[in-house]
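This report concerns only the one structure given below.
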Amino acid sequence: MSKFKSKKDNSLPAVNTASLPDIVFMLLFFFMVVTVMREDNLLIENRLPQADQVEKLDKKYPISYIYVGKPAKGYEKFGTEARLQLNDKLAEISEIQAFINSERAALREELIPKLTVSLKVDKEANMGIVGDIKKELRKASAFRINYTTATGDATKNLD
Amino acid sequence: MAKRSAPEVNAGSMADIAFLLLIFFLVTTTIPKDSGITRKLPPIEENDEDVIIKEKNIFTVLLNGKDQLLVEDQLMEIKDLRKAAVKFLDNGGDGTCTYCKGAKDPKSSDNPDKAIISLKNDRQTSYAAYITVQNELVAAYNQLRNRRALELGPKKGFSDMDFLAMEKAYDDPKFIGNKEKLKEVIEQIKIEIPQKLSEVE
Numbered sequence: 001m002s003k004f005k006s007k008k009d010n011s012l013p014a015v016n017t018a019s020l021p022d023i024v025f026m027l028l029f030f031f032m033v034v035t036v037m038r039e040d041n042l043l044i045e046n047r048l049p050q051a052d053q054v055e056k057l058d059k060k061y062p063i064s065y066i067y068v069g070k071p072a073k074g075y076e077k078f079g080t081e082a083r084l085q086l087n088d089k090l091a092e093i094s095e096i097q098a099f100i101n102s103e104r105a106a107l108r109e110e111l112i113p114k115l116t117v118s119l120k121v122d123k124e125a126n127m128g129i130v131g132d133i134k135k136e137l138r139k140a141s142a143f144r145i146n147y148t149t150a151t152g153d154a155t156k157n158l159d
Numbered sequence: 160m161a162k163r164s165a166p167e168v169n170a171g172s173m174a175d176i177a178f179l180l181l182i183f184f185l186v187t188t189t190i191p192k193d194s195g196i197t198r199k200l201p202p203i204e205e206n207d208e209d210v211i212i213k214e215k216n217i218f219t220v221l222l223n224g225k226d227q228l229l230v231e232d233q234l235m236e237i238k239d240l241r242k243a244a245v246k247f248l249d250n251g252g253d254g255t256c257t258y259c260k261g262a263k264d265p266k267s268s269d270n271p272d273k274a275i276i277s278l279k280n281d282r283q284t285s286y287a288a289y290i291t292v293q294n295e296l297v298a299a300y301n302q303l304r305n306r307r308a309l310e311l312g313p314k315k316g317f318s319d320m321d322f323l324a325m326e327k328a329y330d331d332p333k334f335i336g337n338k339e340k341l342k343e344v345i346e347q348i349k350i351e352i353p354q355k356l357s358e359v360e
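Taken in order, these protein sequences are the chains called H and B. As numbered in the working numbering, residues 1 to 159 make up the first sequence, in order. As numbered in the working numbering, residues 160 to 360 make up the second sequence, in order.
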């Protein structure tokens, strides 16, 4: 009898963790696939205002981004007034037409009229610079624009 | 000498490595949140032909440098703007608009096709205030379009869908139903209640 008794173990068996790496890898691949590395390194502050009547920006069509805001921490040498950023550097209003043309040059011909300009403007900026940008875009005949916003209650913008 | 089998590699730390990578990607991931208010800029017109529009068909919204809102020369709170815009668009003063439910005030707009909202802002206006006003005006149009869609939808076989739901369904590749017909309804509503929002420089 004692022969059998000695083998009996009362404690619970340990949970098998052999499949843990598989689960983690699964998550890893998910995040690797959905990750979009930031396209532009922002030199300016960019806190978007909120709005609730928004439309999704279609990724089917080409999008160019124009960022506006006052220079971020560490870039104070560029002043405290709102500036605009095209690609990776601060730019002047007069450079917008050249920027749109270079964006267009990279596109297939049938997509050129579909180019949408996404204006990512900091909520602290004033309309003067936005008006100037719109005027330049009209001159460059880039008529499709999108005021990119966060989704939320619009009335909270003014607090 | 006897042939020795190679020792098995210890895979116990694989989970740790995978976790490390996972955390890296978790931190660097920014889910793209690109959505916003889409507008079409007017082309620069060469000819200076004056278009005559009746005063009553224009709804003037002025946003001054101190973010104060002036609607039809009256000071207004932003929260009242949507209602005022809906009232103006929905007025149907000349009686040609069969789907309007407004007051039919002869002093206000004739019909939604003629009604124009004119938005003017100052250089000092903050962008936040501008977006809020744009948002409210778009909301006013959407409110009317939604109402019209709920009236029109059941007749065409799209019940319980407001305008936004219709547009969403139209873009949805998995939508089961007659897309041609849906497009017709959307186009009809867009013609009946056009977004005529002009920005003054």
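Even for Gly, the Cβ is constructed at its ideal location relative to N, Cα and C. These numbers come from a predicted model, not from an experiment.
is_contact[residue i, chain H] using C-beta, thresh 8 angstroms
i: V230(B); result: no
i: E343(B); result: no
i: R163(B); result: no
i: A244(B); result: no
i: Y329(B); result: no
i: D239(B); result: no
i: I290(B); result: yes
i: K199(B); result: yes
i: Q347(B); result: no
i: I203(B); result: yes
Cα-Cα separation, residue i to residue j
i: M127(H); j: Q50(H); result: 16 angstroms
i: E339(B); j: E346(B); result: 11 angstroms
i: T116(H); j: D330(B); result: 18 angstroms
i: K207(H); j: Q354(B); result: Limits of chain H in this structure are 1 at one end and 159 at the other, which puts residue 207(H) out of reach.
i: S267(B); j: I212(B); result: 13 angstroms
i: D232(B); j: A243(B); result: 13 angstroms
i: F161(H); j: K59(H); result: Residue numbering for chain H in the displayed model covers 1 to 159; residue 161(H) lies beyond these limits and cannot be assessed.
i: R108(H); j: N101(H); result: 13 angstroms
i: N270(B); j: C256(B); result: 6 angstroms
i: L181(B); j: A150(H); result: 27 angstroms
i: I286(B); j: E124(H); result: First, the residue type needs correcting, since residue 286(B) is Tyr and not Ile in the sequence shown. Whole-angstrom Cα-Cα distance: 6 angstroms.
i: N337(B); j: L111(H); result: 28 angstroms
i: F78(H); j: E45(H); result: 12 angstroms
i: I96(H); j: L137(H); result: 7 angstroms
i: T80(H); j: K156(H); result: 24 angstroms
i: L158(H); j: A82(H); result: 18 angstroms
i: T148(H); j: A91(H); result: 20 angstroms
i: A328(B); j: L341(B); result: 9 angstroms
i: I129(H); j: G171(B); result: 58 angstroms
i: K56(H); j: S194(B); result: 4 angstroms
Residues near residue i by beta carbon distance below 8 angstroms, same chain, minus five either side
i: K263(B); result: N250, G251, G252, G254
i: L12(H); result: none
i: Q302(B); result: R241, V245
i: L234(B); result: Q227, L228
i: I93(H); result: L84, I129, D132, I133, E136
DSSP-derived helix/strand/coil call for residue i
i: L222(B); result: strand
i: P166(B); result: coil
i: V36(H); result: coil
i: N172(H); result: Because chain H here runs from 1 to 159, residue 172(H) falls outside it and cannot be looked at.
i: R282(B); result: coil
i: K314(B); result: helix
i: L12(H); result: coil
i: K213(B); result: coil
i: K263(B); result: coil
i: K333(B); result: coil
i: E208(B); result: coil
i: L180(B); result: helix
i: F29(H); result: helix
i: L341(B); result: helix
i: A140(H); result: coil
i: N301(B); result: helix
Cut-off 7 angstroms between Cβ atoms - residues of its own chain near residue i, not counting five sequence neighbours on either side
i: P21(H); result: none
i: Q293(B); result: I196
i: M325(B); result: A308, F317, L341, V344, I345
Residue(s) in a DSSP beta bridge with residue i
i: S277(B); result: T219(B), S357(B)
i: P71(H); result: I44(H)
i: G195(B); result: E55(H), T148(H)
i: Y65(H); result: S118(H)
i: L228(B); result: L222(B), M235(B)
i: Q50(H); result: A150(H)
i: L84(H); result: V68(H), A91(H)
Residues near residue i by beta carbon distance below 6 angstroms, same chain, minus five either side
i: C259(B); result: D249, G251
i: G316(B); result: none
i: I217(B); result: I275, S277
i: L86(H); result: F99
i: E295(B); result: L240, R241
Below-8 angstroms beta-carbon distance, residue i vs any chain B residue
i: F78(H); result: no
i: K123(H); result: yes
i: L57(H); result: yes
i: A154(H); result: yes
i: P62(H); result: no
i: N46(H); result: no
i: V15(H); result: no
i: L12(H); result: no
i: Q53(H); result: yes
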